[in-house]
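Everything in the sequence shown is counted per numbering that gives the first Met the number 0, starting at 0 for the first residue and increasing by one. Have a look at the structure below before the remarks.
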Amino acid sequence: MLGMPGLHSWIRQLPEPARTDVLAAMRPRGVPEGASVYTLGSPPNECYMIDSGRVRVCNFSDTGKEVCMGELFSGDCIAELGMIDGLPRFNNAFAAEDSVVLVLKKADFDRLYEQHVVIARQLNLFLAHRVRYLYVSAEDARALSLNQRLARMLSRMGWGSGIRGENGEILIESVSHETLGHMLGATRQAVSREMKILEKAGLVRVSYSRVYIPDIKALVSKFENLLGGENIVPDYRD
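Structure follows, in structure tokens:
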């Protein structure tokens with residue numbers, strides 16, 4: 000597992016003075032839990048970097064079923080594609096908890112894009128990493144069982160954003176079976192069933208909306224290479 004700091008942030012990875020100029024043009028906006036950052040079909044008038052909290056990116060079926068693409072955290076960027084191609088939003092973004100996002104208006108993005116050549120280079124790298132990350136997710140959905148997909152998702156979450164204890168155990172907070180179901184395209188009941196199988200194998204331990212991974216290397220080694228080599232994951236460790 001290859002952890003990459005700033006995998007979901009083109010702004011944090013900019014060199015100076017471009018990073019300072021971009022941040023100076025951004026304005027904070029509070030988004031209460033459950034409120035939208037943007038919605039499907041809305042015009043691409045601005046992009047965002049999460050300053051605090053969590054933002055869930057998702058779509059909904061015609062029956063109202065949520066399909067979650069993932070959750071993003073402090074420092075992560077969203078909605079940059081609309082700044083480039085000018086097309087309407089193709090998904091929704093909601094605050095998973097009380098959050099603050101930094102807002103960059105389209106006019107400021109265009110001005111800075113022309114002013115700093117490095118922004119285009121960094122966006123190319125950033126989007127290439129996203130394509131790799133999404134390609135692995137798509138291959139998982141096509142080729143693997145729910146148990147395998149769940150294990151791989153937990154290993155990525157644990158490796159990238161899990162809280163490491165003194166005994167080496169990793170904690171994934173605020174992750175309900177329902178949320179995992181939204182992310183995997185499965186029911187809560189199906190996720191619960193597969194989680195019990197992983198528990199029985201000693202690979203995870205579940206307590207309410209918390210998942211503990213006793214040995215992250217054991218979990219990764221068992222499931223990472225099912226479809227190829229080393230995967231990239233966002234690394235939120237300081």
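Virtual Cβ for every residue (Gly too), placed ideally from N, Cα, C.
- Three or more pairs of CB atoms, one per stretch, sit closer than 8 Å, so the segment 151–162 contacts the segment 199–214.
- Under the Cβ criterion (8 Å, minimum of three pairs), the segment 102–109 does not count as touching the segment 56–63.
- Taking a C-beta distance under 8 Å as the contact criterion, PRO31 and ALA94 qualify as a contact pair.
- Contact annotation: ARG11 and GLY74 have beta-carbon atoms nearer than 8 Å.
- In this structure, ARG209 keeps its C-beta atom at 8 Å or more from the C-beta atom of LEU183.
- In this structure TYR132 touches ILE231 by the C-beta definition: roughly 6 Å separates them, less than 8 Å.
- For ASP109, the enclosing alpha helix (DSSP H) has its first and last residue at 105–114.
- In the structure shown, TYR207 falls within a coil segment according to DSSP collapsed to helix, strand and coil.
- One alpha carbon belongs to HIS176, the other to SER220, and they sit about 23 Å apart.
- Considered as a whole, the segment 59–102 harbours 80–84 as its complete alpha helix (DSSP H) runs of no fewer than 4 residues, in chain order.
- When LYS216, GLN147 and GLY167 are compared, the shortest CA-CA separation from ALA185 is found for GLN147.
- Contact between ILE212 and GLU168 holds, since their C-beta atoms are separated by about 7 Å, short of 8 Å.
- Under the three-state reduction of DSSP output, MET3 falls in the strand class.
- Within a 10 Å sphere around the beta-carbon of ILE162 sit fewer than 16 other beta-carbons, which makes this residue exposed.
- Secondary structure of LEU179 (DSSP, three-state): helix.
- Look at ILE10 here: in three-state DSSP terms it is coil, with no helix or strand label.
- Partner residues in the beta bridge of MET48, as assigned by DSSP, are CYS76 and LEU101.
- Between PRO43 and LEU101 the beta-carbon gap is near 17 Å, outside 8 Å, which marks them as no contact.
- Contact annotation, GLU193 with LEU145: C-beta distance approximately 5 Å; criterion of less than 8 Å satisfied.
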